[in-house]
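J.: In this note's numbering, the protein residues as written are 16 to 242.
Right under this line is the structure:
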């Protein structure tokens with residue numbers, strides 16, 4: 016029987032192992048406070064992404080000229096980032112991407128998941144990590160993406176596959192971890208997509224039977240309906 020973790024708070028508590036400074040040893044608490052102070056310096060206030068303008072939450076180490084602008088423009092398909100709207104508009108007229116690179120490994124109605132190899136699509140995955148850091152406090156992977164696989168969740172319509180969220184996992188994890196990082200972009204949160212990503216990560220990690228896969232799909236449908 017496949018056990019699927021559906022409680023997002025429990026998942027992140029297990030990843031971090033603590034909730035407050037009081038729960039940490041003094042050295043860890045000091046490092047966490049230092050990290051918090053550094054990441055309070057947030058220069059990018061908003062990102063223009065597809066049809067959304069999204070308020071950012073945290074610092075992300077974009078290159079100097081891009082990392083200190085109040086608003087960053089990001090192509091929702093290739094994830095190229097730009098600091099000027101006119102550059103962004105021109106890029107949209109020229110960009111031929113309409114879906115993530117890699118291969119589509121799941122499709123159910125308008126929901127699609129792509130598997131992207133960090134070694135084969137390094138720039139795309141680096142840009143994805145930089146985008147994710149704007150919404151994740153504890154994230155240290157930005158550029159060393161080759162050892163990871165990325166699973167990109169999209170909503171699909173006639174315009175293309177719109178990035179909703181993703182999870183990443185090590186190609187070879189000595190600890191047997193099925194998730195290294197997970198994110199649902201703010202406009203798509205509270206719709207059950209985080210639960211879907213976690214459930215799918217267990218499907219990819221465990222070589223389950225077709226019967227279990229049917230059970231998994233039923234769980235995904237249920238998780239979307241209750242939101």
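Beta carbons are placed, not taken as given, at the ideal position from N, Cα and C, and that holds for glycine.
Write down the C-beta distance between residue 198 and residue 181 rounded to the nearest angstrom, noting that I regard them as a contact closer than 8 Å.
T.: 6 Å
J.: Are residue 164 and residue 130 closer than 9 Å when you measure CB to CB?
T.: yes
J.: Within 8 Å, do at least three Cβ pairs link the region 75-83 to the region 130-149?
T.: Verdict: yes, contact present.
J.: Can the beta-carbon of residue 126 be found less than 9 Å from the beta-carbon of residue 170?
T.: yes
J.: Identify every residue that forms a DSSP beta bridge with residue 140.
T.: In DSSP, residue 140 forms no bridge with anything.
J.: For residue 153, tell me which candidate among 103, 81, 195 and 208 has the shortest Cα-Cα distance.
T.: 195
J.: Express the C-alpha separation of residue 192 and residue 168 in angstroms, rounding to a whole number.
T.: The alpha-carbon atoms of residue 168 and residue 192 are separated by roughly 20 Å.
J.: Less than 9 Å between the beta carbons of residue 184 and residue 203, yes or no?
T.: no
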